[in-house]
Amino acid sequence: MSVSRPLARPFALLLGASLPILVLISASVGDTYEPPVRVLRAAMGAAGLAQPLGEPDQTILMLRLWRALTAAGVGAALAFSGALLQGLFRNPLAAPSLIGVTGGASLGATVAILVLGGYGAGVVAQSGLALGALLVPVAAFVGALATVALVGILAAPRGRLSTATLLLFGIAVNMCVAGIFAAIQSVVLRDWEVSRAIMAWTFGTLDDRTGMHAATIWIALAASAAAIPFVSLELDLFQGGEDDAKSLGVAVGRTKMVALVAATLAAAAATAVAGQIAFIGLMVPHAVRLIASPRHRVLLPLCLVAGAVFLLGADAGQRAVFGEGRLQPGVLMALLGGPFFVVLLVKKRREVGTW
Amino acid sequence: MVNPLEALDIVFAYPGPVEALRGASLAIHGGELLVVVGPNGSGKSTLLRCLAGLATPQRGEVLLCGTPYSALSPRQRALAVAVVPQFLPSLPDVLVIDFVLGGRYAHLERLRGPAPHDLDVAHRALVDCDADDVARRRMDELSGGQRQRVLIARALAQEAGVLLVDEPTNSLDPEHQVRVFALLHQLAKGGKAVVVVTHDLVLCGQFADRLVLMAAGRVHVDGKVESVLRPEVLGPVYGPHLSFGRLMGSDGRERPYALPWLRS
Chain D
1 MSVSRPLARP FALLLGASLP ILVLISASVG DTYEPPVRVL RAAMGAAGLA QPLGEPDQTI
61 LMLRLWRALT AAGVGAALAF SGALLQGLFR NPLAAPSLIG VTGGASLGAT VAILVLGGYG
121 AGVVAQSGLA LGALLVPVAA FVGALATVAL VGILAAPRGR LSTATLLLFG IAVNMCVAGI
181 FAAIQSVVLR DWEVSRAIMA WTFGTLDDRT GMHAATIWIA LAASAAAIPF VSLELDLFQG
241 GEDDAKSLGV AVGRTKMVAL VAATLAAAAA TAVAGQIAFI GLMVPHAVRL IASPRHRVLL
301 PLCLVAGAVF LLGADAGQRA VFGEGRLQPG VLMALLGGPF FVVLLVKKRR EVGTW
Chain Y
1 MVNPLEALDI VFAYPGPVEA LRGASLAIHG GELLVVVGPN GSGKSTLLRC LAGLATPQRG
61 EVLLCGTPYS ALSPRQRALA VAVVPQFLPS LPDVLVIDFV LGGRYAHLER LRGPAPHDLD
121 VAHRALVDCD ADDVARRRMD ELSGGQRQRV LIARALAQEA GVLLVDEPTN SLDPEHQVRV
181 FALLHQLAKG GKAVVVVTHD LVLCGQFADR LVLMAAGRVH VDGKVESVLR PEVLGPVYGP
241 HLSFGRLMGS DGRERPYALP WLRS
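These protein sequences, in sequence, are chains D and Y.
Under the numbering used here, the first residue of the first sequence is numbered 1, with each subsequent residue one higher.
Under the numbering used here, the first residue of the second sequence is numbered 1, with each subsequent residue one higher.
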């Protein structure tokens, strides 16, 4: 249901073609430049299809490749999640943080960092880096899912999920979570290591990502993307209101549930593997809607590709310009996202009055 | 013959002490333009929502060809009953033809978008509603009259036997009010069961085949226009400020009407 846009097809082709190229370029740039051909060699070496490069090049390039694949997956997941939620809430400013994904993940990650920092069982603190690398993402993921589930249960007495109520409980539960988060931060303020770890997590990072991170986000992404055929036409019809969609034959309750679960899974996995990276879920769907189509059949798949390209490109760009480890992608997105939000509101001021 | 749609003694209460419907029964027939009138708060719109399956009565049942709504999926219901809503958001990004195609949703196979046949049906619906000239316009560019005809066209694209229409002449000028009622009348003559909720006691006099007067959550009177549009029937329900008269209909027969008119 939309105005047709002549740029839709070239835009989709361009995005699709640039994704694999960007993965290679992203792995090429960094403190040392390695030609993309060497990146391919390293990848084939890791897969056992060719002789691996010598060390440390093989390890460095594989780390960069995992980083690139993680970035692509995280960008795709966040944009996809944002597009789903904006369709569900019929509000172009909806984002995964609204229903508690970000707050819950932060709280989960913080608790994990506390435990690792010796505030919980001392045993865990002794067990070293490997467990830490696993524990924080898992705790973030669980925290995100639990928070959204709490919001969902509160918003759906007798199993009927109202999006307006969902929004209000999302805000309320987010406040509670933020309060606990602030309390923890204030208590451990003098513990420099733990405070720093919590702070760093909230900035979002793609440093030191491994195959496990990449696999996690891509598996979650595949599972959420499976929702596309079940919600695309339905979310288009949601734009006239839920009653209108229902009268046209849409199973409104099921559509909301599928969209919500898919959006939560994607955003929770993204936040678990890369920390907080805001605004992709807001910016990318807007750009895709504007350039390609507001129809969810086009919008949702394109957001997957566009989100991947966007975060991958932004991450490669900032590493090429500033070098490794200077500007975390979460910070970069926050810097870009604020002004974008302001411009969006200024352009939509007339509509905003009627929300 | 089984009625295409029937409400059996339905009770519906919004949260709060007052019941909007207190045991309303209504049978709807194909080929008939049924107009539902009544004062504000008499339960007209709630009755329409229950008939549309948008509200579920706490007691009583709505039957579609004898089958209770509770046993049907939204899709099955939408194949038989179409709704022309009173309010919709402005939909700035939606073309008229795509909006009308939305009426085809219940006919689409899962995982598949509209086929050429669906586009044909949507175009025919626009032609039938005299709105094919705006097919490529955006929904937010339409005038009130065009918008109403497009809403009816989408309901027609649903190819349902029953059409439920909520206050279609609100905010339309007199010319468009007449044209909308004439269109609904023509659709009923074509075999559809058309139910219209309205406050218009003039046009319903000219076009309705049957008139239902709601009062206090019940069907107060259900009968021919001649037997309902009368001072002794409407007066006790609406109050004293109505003026009654008769006008020659387009079929050459005299028809009653009632107008709001302040009496000293």
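No residue lacks a Cβ here, since even glycine has one placed at the ideal position from N, Cα and C.
Keep in mind that this is a model prediction, so the values were computed, not measured.
Taking a Cβ-Cβ threshold of 7 Å, none of the residues of chain D is close to Y/Pro15; the smallest such distance is about 12 Å.
Secondary structure note for D/Met175: its alpha helix (DSSP H) is the uninterrupted segment 163-187. Among the residues of chain D, those whose CB is under 8 Å from the CB of Y/Gly113 are Leu233, Arg297, following chain order.
For Y/Ala82, the beta-bridge partners assigned by DSSP are Y/Leu163.
By the Cβ criterion, the region 202-220 of chain D is in contact with the region 275-284 of chain D, since at least three pairs of Cβ atoms, one from each stretch, lie closer than 8 Å. Taking every protein chain shown into account, the CB of Y/Tyr14 has fewer than 16 other CB atoms within 10 angstroms, so this residue is exposed. Between the region 71-84 of chain D and the region 285-301 of chain D, the count of C-beta pairs closer than 8 Å reaches three or more; the two stretches touch. In this structure, Y/Leu213 and Y/Val221 form a Cβ contact; the two beta carbons are roughly 4 Å apart against a cut-off of 8 Å.
When C-beta atoms of the region 245-252 of chain D are compared with those of the region 78-88 of chain Y, three or more pairs fall below 8 Å, so the two segments count as touching. Taking a Cβ-Cβ threshold of 7 Å, the residues of chain D close to Y/Gly103 are Leu248, in chain order.
At a C-beta separation below 8 Å, Y/Leu88 has these neighbours in chain D: Gly240, Gly241, Asp244. In this structure, DSSP gives D/Glu324 a state outside helix and strand, which the three-state scheme calls coil.
Residues of the same chain with a CB within less than 6 Å of the CB of Y/Arg137, apart from the 5 flanking positions on each side, are Val96 in chain order. The C-beta distance from D/Gly73 to D/Ala214 rounds to 6 Å, short enough to fall under 8 Å. Restricted to the region 8-62 of chain Y, the beta strand (DSSP E) segments that are unbroken, complete and at least 3 residues in length are 19-28, 32-37, listed in chain order. Here Y/Arg246 carries a strand assignment [DSSP, helix/strand/coil]. DSSP lists Y/Arg138 as the beta-bridge partner residues of Y/Leu95.
The continuous stretches of alpha helix (DSSP H) do not include D/Pro96, and DSSP gives it neither H nor E. In terms of Cα proximity to Y/His176, the closest of Y/Gly60, Y/Ala131, Y/Gly145, Y/Leu183 is Y/Gly145.
In the structure shown, D/Ala251 adopts coil according to DSSP, grouped into three states.
DSSP, read as helix, strand or coil, puts Y/Tyr257 in strand.
In terms of beta-carbon proximity, Y/Arg137 stays away from the interface with chain D, with every pair separated by 8 Å or more. Taking 8 Å as the cut-off, the Cβ atoms of Y/Ala27 and Y/Glu6 count as close. Ranked by Cα distance from D/Ala12, the first of D/Ala292, D/Trp66, D/Pro35 is D/Ala292. Of all residues in the region 280-311 of chain D, only Pro294, Arg297 place a beta-carbon less than 7 Å from a beta-carbon of chain Y.
Taking 8 Å as the cut-off, the beta carbon of Y/Val195 is found no closer than this to the beta carbon of Y/Ala24. In the structure shown, D/Ala278 adopts coil according to DSSP, grouped into three states. Between Y/Leu163 and Y/Leu183, the gap from beta carbon to beta carbon reaches 8 Å or more. Following the DSSP letters along the chain, one finds Y/Ala193 in no alpha helix (DSSP H) but inside the beta strand (DSSP E) bounded by residues 193-197. Taking a C-beta distance under 8 Å as the contact criterion, D/Thr102 and D/Phe181 do not qualify as a contact pair.
For Y/Ala78, at least one C-beta of chain D is nearer than 8 Å to its own C-beta. The C-beta of Y/Ala52 comes closer than 8 Å to at least one C-beta of chain D. In this structure Y/Pro68 does not touch Y/Gly30 by the C-beta definition: roughly 20 Å separates them, more than the 8 Å allowed.
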